[in-house]
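K.L.:
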Amino acid sequence: MRKLRRLEIYNKIKKSINAKLSLWILGSLIISVVFGMTLVQIFRTTHFLEVKHVDYDKDRNDTVVDVLNFINGLYKEENDKDGYIRKNIASFKERCHIYIVNKDGDVEYHSENDDAVHINIDGYMKDMKKAGDKIINIIYPLSIDNNIHYLVLMKTVEGVPIYTHEISYAAAATLALILFIFLIYFGVRKKVKYIEYISSSIEEISKGNLDYKLEIKGEDELSFVANQINSMEKSILNMIEKERQNERTQRELITNISHDLKTPLTIILGYLDIIRTKACKGKEEEERYIETAYEKALLLQKMVLKLFEFVNLNHKEIILNKIDVNINKLLGQVITDHLAMADGKNISIEYKNPQNTITLSVDLDKICRVFNNLIGNAIKYSEENEKITVTLGEDAAGAVISFRNKCRNINEEDLDKLFIRFYRGDKARNSSVEGSGIGLSIVKKIIELHNSHIWVEQHDDEIWFIIRLRG
Numbered sequence: 193m194r195k196l197r198r199l200e201i202y203n204k205i206k207k208s209i210n211a212k213l214s215l216w217i218l219g220s221l222i223i224s225v226v227f228g229m230t231l232v233q234i235f236r237t238t239h240f241l242e243v244k245h246v247d248y249d250k251d252r253n254d255t256v257v258d259v260l261n262f263i264n265g266l267y268k269e270e271n272d273k274d275g276y277i278r279k280n281i282a283s284f285k286e287r288c289h290i291y292i293v294n295k296d297g298d299v300e301y302h303s304e305n306d307d308a309v310h311i312n313i314d315g316y317m318k319d320m321k322k323a324g325d326k327i328i329n330i331i332y333p334l335s336i337d338n339n340i341h342y343l344v345l346m347k348t349v350e351g352v353p354i355y356t357h358e359i360s361y362a363a364a365a366t367l368a369l370i371l372f373i374f375l376i377y378f379g380v381r382k383k384v385k386y387i388e389y390i391s392s393s394i395e396e397i398s399k400g401n402l403d404y405k406l407e408i409k410g411e412d413e414l415s416f417v418a419n420q421i422n423s424m425e426k427s428i429l430n431m432i433e434k435e436r437q438n439e440r441t442q443r444e445l446i447t448n449i450s451h452d453l454k455t456p457l458t459i460i461l462g463y464l465d466i467i468r469t470k471a472c473k474g475k476e477e478e479e480r481y482i483e484t485a486y487e488k489a490l491l492l493q494k495m496v497l498k499l500f501e502f503v504n505l506n507h508k509e510i511i512l513n514k515i516d517v518n519i520n521k522l523l524g525q526v527i528t529d530h531l532a533m534a535d536g537k538n539i540s541i542e543y544k545n546p547q548n549t550i551t552l553s554v555d556l557d558k559i560c561r562v563f564n565n566l567i568g569n570a571i572k573y574s575e576e577n578e579k580i581t582v583t584l585g586e587d588a589a590g591a592v593i594s595f596r597n598k599c600r601n602i603n604e605e606d607l608d609k610l611f612i613r614f615y616r617g618d619k620a621r622n623s624s625v626e627g628s629g630i631g632l633s634i635v636k637k638i639i640e641l642h643n644s645h646i647w648v649e650q651h652d653d654e655i656w657f658i659i660r661l662r663g
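Pasting the structure below:
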């Protein structure tokens, strides 16, 4: 469990440039602080960049404190002042010369190794004024056994060396800061270069080089941006290709419309010209020409209406009038309507209807149009004495309907184009089987308007049109 948790955290950090940079900055800061503290310790140990100062005030102040302590102790001593003086005056022996003299200047007590017997108080006070900063001279009046005495002290101040580390601290801090900046630069350098690479790539793409692909590095937000740019570039290429395909389709549309309208129109004009010029051999031939011209005019009207319907489906916002429809009954009714047409070619239609009722919310008129077209095509393109099978089934999303009949073998390329407008599987515009080539494209559009799907499959000598209809 812990391993999975650690792995999850690692993956989150790996995919987040913010997390990676935050961790890198934190790590760089810790390393720099440790580095700076180590330098400070080294500088203090080696006295590197230390500044030495001599402090005279400390010794001077310490001496004054000792004298005051000596005097306070003397006044507190009530029994043996002589013993106190002799005992404590010895503590000054290595540090200074100290004397206790009477009012006439005669020395009564002195520190060891001092042999002066008389001190001129007035002269000593004059010498004090001439002493420099490195000499301490003290004269302090005392009362010993109700007699006036003076404590006289003379000492050369000893300077205490003091080392300051301001410069070494500043140097350590500067070096630590330089290390921190270097680590930050090293950490973000690759990301900055990658950002520059993405920027230059966008500039290259903006010049029209849509074949340019960005290299994906890592799994963070920058790599996501690069991947999105590649996806956007691919989408633009697809849009351009789609536009080109639409242009080609429009050209084909114009060509095919011209071709499909030209044939019946030529026949109509030819027959009408014969009738107009009285070139018919008799009344019977004239009526036959009129009937043929009328049939071709009806075919022409049918093609124009289909074309109009197709244009409306593709270029207008279609609002479906959906109602709940019993698909079982609807299919059965459409099959019944085509039985007469099927009987004309001695074709049987088998309807595999499930026992359960399938009810879907669909546009009744348009779905009828789909079923009529598919069953009509199956009859139209089937040979005589063949069989058509219509199967209705149900899945979680709605209904699955298949229409299958025997046909000549169609290659895969032609199979994929059956739903393209004006495309006919036999490729022959002068085929004995009449058709506009628009019907299946209309069927596909209606099914798509229902958020459903239609496709075609070929199994041996049978062709299957399958609809997954939602409702």
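Just so you know, this note's numbering puts the end of the sequence shown at 663, numbered straight through with nothing missing.
All residues carry an ideal CB built from backbone N, CA and C; glycine is no exception.
As the structure is a prediction and not an experimental result, all values here were calculated from the model.
How close, in whole Å, do the beta carbons of I527 and V582 come, if the pair is a contact with beta carbons under 8 angstroms?
P.N.:
6 angstroms
K.L.:
Starting from the C-beta of N538, find all residues in its chain whose C-beta is less than 8 angstroms away, skip the five residues before and the five after it, and write them out in chain order.
P.N.:
E576 and N577
K.L.:
Rounded C-beta distance between N518 and T549? I'm assuming under 8 angstroms.
P.N.:
6 angstroms
K.L.:
Classify E745 as buried or exposed, calling it buried when 16 or more other Cβ atoms lie within 10 Å of its own Cβ.
P.N.:
Residue 745 is absent from the structure shown; the chain starts at 193 and stops at 663.
K.L.:
Going by the beta-carbon positions, is the gap between I327 and L345 smaller than 8 angstroms?
P.N.:
no
K.L.:
Use the C-beta contact count for D555: other C-beta atoms within 10 angstroms, 16 or more gives buried, fewer gives exposed.
P.N.:
D555 sits buried, since 16 or more C-beta atoms from the chains shown fall within 10 Å of its C-beta.
K.L.:
Nearest to Y267 by CA position, among S224, I222, I336 and V226, is which residue?
P.N.:
The residue with the shortest Cα to Cα distance from Y267 is I336.
K.L.:
Is the segment 376 to 395 touching the segment 210 to 224, taking contact as three or more C-beta pairs under 8 angstroms?
P.N.:
Counting Cβ pairs under 8 angstroms, three or more are found: they touch.
K.L.:
Taking 8 angstroms as the threshold (C-beta atoms), are R596 and E640 in contact?
P.N.:
no
K.L.:
Leaving out five residues on either side along the sequence, give the residues of the same chain with a beta carbon under 8 angstroms from the beta carbon of N513.
P.N.:
D555, L556 and D557
K.L.:
Determine contact between the segment 359 to 368 and the segment 308 to 322, defined as no fewer than three beta-carbon pairs at a distance below 8 angstroms.
P.N.:
no
K.L.:
How many angstroms separate the CA atom of V648 from the CA atom of I460?
P.N.:
36 angstroms
K.L.:
Does the beta-carbon distance from L566 to V635 come in below 8 angstroms?
P.N.:
In this structure, V635 lies closer than 8 angstroms to L566 by Cβ.
K.L.:
So for H289, helix, strand or coil by DSSP?
P.N.:
strand
K.L.:
Thinking C-beta only, is N545 closer than 8 angstroms to L584?
P.N.:
yes
K.L.:
Quick check: the Cα distance between T230 and T366, rounded to an integer number of angstroms?
P.N.:
T230 and T366: Cα-Cα distance of roughly 13 angstroms.
K.L.:
Return the bridge partner residues of K558 from the DSSP annotation.
P.N.:
In DSSP, K558 forms no bridge with anything.
K.L.:
If I measure Cβ to Cβ from D247 and keep anything under 7 angstroms in the same chain, skipping five residues before and after, which residues do I get?
P.N.:
Cβ neighbours of D247 beyond the five flanking positions: G351, V352 and I354.
K.L.:
Return the chain-ordered ranges of every alpha helix (DSSP H) run that is complete within the segment 267 to 348 and spans a minimum of 4 residues.
P.N.:
Segments of the alpha helix (DSSP H) lying fully in the segment 267 to 348: 273 to 281 and 313 to 322.
K.L.:
So, is I515 buried or exposed, given that buried needs 16 or more other C-beta atoms within 10 angstroms?
P.N.:
exposed
K.L.:
Roughly how many whole angstroms lie between the Cα atoms of L375 and L429?
P.N.:
One C-alpha to the other measures close to 42 angstroms.
K.L.:
According to DSSP, R596 sits in a beta bridge with which residue or residues?
P.N.:
T581 and W656
K.L.:
At a cut-off of 7 angstroms, would you count Y386 as near the ligand MG, judging by its Cβ distance to the nearest heavy atom?
P.N.:
With respect to the ligand MG, the structure shown offers nothing to examine, as it has no ligands at all.
K.L.:
Which residues share a DSSP beta bridge with H451?
P.N.:
Paired residue(s): none; H451 is not in a bridge.
K.L.:
Can you tell me where the alpha helix (DSSP H) with D535 in it begins and where it stops?
P.N.:
L531 to D535
K.L.:
For G590, which of helix, strand or coil comes out of DSSP?
P.N.:
strand
K.L.:
Which residue's Cα is closest to the Cα of I292: Y342, K405 and I466?
P.N.:
Y342
K.L.:
Would you list the one or two residues that DSSP bridges to E649?
P.N.:
W656, per the DSSP bridge assignment.
K.L.:
What first and last residue would you give for the beta strand (DSSP E) that runs through I515?
P.N.:
Unbroken beta strand (DSSP E) run through I515: K514 to N518.
K.L.:
Just to confirm, are Y543 and L522 a CB contact at a threshold of 8 angstroms?
P.N.:
Against a cut-off of 8 angstroms, the Cβ pair of L522 and Y543 comes out as no contact.
K.L.:
Keeping to the same chain, check which residues put their C-beta closer than 8 angstroms to that of R436; ignore five residues upstream and five downstream.
P.N.:
none
K.L.:
Look at the alpha carbon of E560 and the alpha carbon of N603, and state the distance between them as a whole number of angstroms.
P.N.:
This sequence places Cys at residue 560; Glu is not what is there. C560 and N603: Cα-Cα distance of roughly 29 angstroms.
K.L.:
For N253, which option in Y301, L499, T551 and V349 has the closest C-alpha, if you only look at C-alpha atoms?
P.N.:
V349
K.L.:
So, at 6 angstroms on beta carbons, what are the nonlocal neighbours of W664 in its own chain, with the 5 sequence-adjacent residues on each side left out?
P.N.:
Because the chain here runs from 193 to 663, residue 664 falls outside it and cannot be looked at.
K.L.:
Beta carbon of G568, beta carbon of H530: below 8 angstroms?
P.N.:
yes
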